[in-house]
Every structure is written in structure tokens, then in C-alpha cells.
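Residues in the sequence shown are numbered consecutively from 5, following our numbering.
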Amino acid sequence: MTSPNIDAATGQLLQRYGFDDIPFESLRKRLVEGTAGAAQNRITSTVEPPEEGDLKALPPMGGDFRRELTELGEEAMRRGEVASVILAGGMATRFGGVVKAAVEVLEGASFLELKLRDITATAERSDARIPVYLMTSFATDDALRQMAESLTTDRCPIKTFPQFISLRLTPNGELFRDGEGALSPYAPGHGDLTFALRR
Numbered sequence: 005m006t007s008p009n010i011d012a013a014t015g016q017l018l019q020r021y022g023f024d025d026i027p028f029e030s031l032r033k034r035l036v037e038g039t040a041g042a043a044q045n046r047i048t049s050t051v052e053p054p055e056e057g058d059l060k061a062l063p064p065m066g067g068d069f070r071r072e073l074t075e076l077g078e079e080a081m082r083r084g085e086v087a088s089v090i091l092a093g094g095m096a097t098r099f100g101g102v103v104k105a106a107v108e109v110l111e112g113a114s115f116l117e118l119k120l121r122d123i124t125a126t127a128e129r130s131d132a133r134i135p136v137y138l139m140t141s142f143a144t145d146d147a148l149r150q151m152a153e154s155l156t157t158d159r160c161p162i163k164t165f166p167q168f169i170s171l172r173l174t175p176n177g178e179l180f181r182d183g184e185g186a187l188s189p190y191a192p193g194h195g196d197l198t199f200a201l202r203r
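In C-alpha cells, the structure reads:
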């Protein structure tokens with residue numbers, strides 16, 4: 005990003021985390037024109053409960069069809085057609101400014117370690133290898149890369165990739181600056197998962 009309104013350090017951060025891959029200017033324009041915001045995200049048509057037949061229950065445990073589906077899934081895992089994605093981006097603000105995935109929650113294990121235990125157990129039951137793709141953000145990337153290096157295994161190798169980054173705007177579409185005049189980058193949410201993974 006080469007705008008004169010963006011300092012060099014912020015520009016480098018934006019470039020590193022894919023700012024040029026998001027439609028920032030078109031979104032900013034929509035905000036200025038009044039065609040973006042909470043009102044545009046509201047459903048205006050009638051919302052009704054699902055009708056009978058709209059939802060289908062999974063086949064019961066222990067039945068032939070359920071066993072058949074389990075076998076198909078396990079075969080796909082053994083062929084290397086299955087991977088797992090863990091969303092661990094965001095701004096690391098909900099737990100007092102620490103990376104949530106790294107927080108110890110049970111028996112000395114972090115959120116991330118518990119998720120990896122589940123994936124590893126599935127891989128072992130299926131005698132498969134399940135790669136794990138861990139989505140980070142500019143605020144969590146360094147810490148999660150270190151965790152991934154220490155937690156990766158042959159059964160569940162971990163690769164990290166960052167979600168995109170954006171800049172906060174004022175209600176009139178100008179770049180938001182904090183009390184010290186600094187720009188305010190943020191992780192825009194997990195809606196960019198497929199795009200960030202492809203990048």
C-alpha cells in the first residue's frame with residue numbers, strides 16, 4: 005500500500021497480511037455512499053421456521069448406513085483427501101490481550117492442543133494422516149507459528165496461514181486514527197477463510 009496517508013510501518017504490515025487482496029476501496033466507497041452498514045445486513049423478508057422435511061437427521065449410530073458413511077470417510081482420510089482447518093485469527097482481545105488458542109483450559113492443555121488431540125485421535129482411529137491448516141491473523145501469527153512448530157506431528161502436520169488485514173474507518177469513510185494519530189489495523193473476520201487459504 006503506497007497511500008501518502010499510510011506510514012511505512014503500517015504499509016509493510018498491510019502488505020505482509022494481504023491488504024491488497026481485499027476490496028477495501030470498494031467497501032469504503034459503499035460506506036461513504038450509504039450502501040454498506042448494519043441496515044444493509046438486516047433481513048427484510050419474512051423469516052419462517054423450517055417446514056417438515058426441510059431438515060434431515062443423521063442416520064442413527066450403529067446402523068448399516070452410518071457404518072457405511074464412516075467407512076467412506078475413513079477411506080477418504082487414508083487416501084489423503086481430508087484436512088482440518090482451525091480458525092485462530094482475530095485480534096487476541098477477548099482473553100485480556102492473549103492469543104485465545106494458547107490459553108490453558110484443561111489439564112494443562114490449551115484450546116489449540118485440545119483441538120489437535122481430537123484430530124489426532126480421529127487420524128489414529130482411521131490409520132490416516134490429517135494435515136491441519138491453522139488460520140492466524142497479524143495479531144496472532146507469531147505466537148501461533150511457534151505453537152504450530154512445537155505441536156506438529158507426522159500424523160497431524162500443521163501449516164499456518166494468515167487471514168487478511170484491513171483498516172478501521174470513521175463513519176464518513178476516512179481512515180480512523182487513535183488518540184496518538186496512529187492508524188488502526190484489524191482482522192476483518194473469518195469470512196475470508198477460503199481466499200486466505202488459497203493465497
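Heads up, the beta-carbon is just placed ideally off N, CA and C, and yes, glycines get one too.
Given the structure is predicted, the values throughout are model-derived calculations rather than measurements.
Could you have a look at residue i and say whether DSSP puts it in helix, strand or coil?
i      : result
VAL109 : strand
THR6   : Here the model assigns THR6 a pLDDT of 47, short of 50, so the residue's position is not dependable, and the following value carries that caveat. DSSP places THR6 in coil when its eight states are reduced to three.
TYR21  : coil
MET95  : coil
ALA200 : helix
VAL89  : strand
ARG149 : helix
ARG32  : helix
ALA13  : helix
ARG129 : helix
SER154 : helix
So, are the CB atoms of residue i and residue j less than 8 Å apart?
i      : j      : result
ASP145 : PRO166 : yes
LEU17  : PRO189 : yes
TYR137 : ALA80  : no
ILE10  : LEU187 : yes
LEU148 : VAL102 : no
LEU197 : LEU73  : no
LEU35  : GLY177 : yes
GLU78  : ALA132 : yes
THR140 : GLY93  : yes
According to DSSP, residue i sits in a beta bridge with which residue or residues?
i      : result
ARG121 : In DSSP, ARG121 forms no bridge with anything.
LYS163 : TYR137
PRO189 : LEU171
ARG181 : LEU187
SER49  : Looking at the DSSP assignment, SER49 forms no beta bridge with any residue, so it has no partner.
Taking 7 Å as the line, does the beta carbon of residue i fall inside it for any heavy atom of the ligand GTP?
i     : result
ASN45 : Ligands are entirely absent from the displayed structure, and the ligand GTP is therefore not among its contents.
Checklist entry - Can you give, in chain order, each stretch of the alpha helix (DSSP H) that sits fully within the stretch 54-86 and has at least 4 residues? => result 68-82
Item to check | Contact the stretch 109-124 vs the stretch 150-168: 3+ CB pairs below 8 Å | outcome: yes
Checklist entry - Any chance the stretch 99-118 sits against the stretch 67-74, with 3 or more Cβ pairs inside 8 Å? => result no
Item to check | Cβ contact check for the stretch 17-35 and the stretch 164-184: 3 or more pairs under 8 Å | outcome: yes
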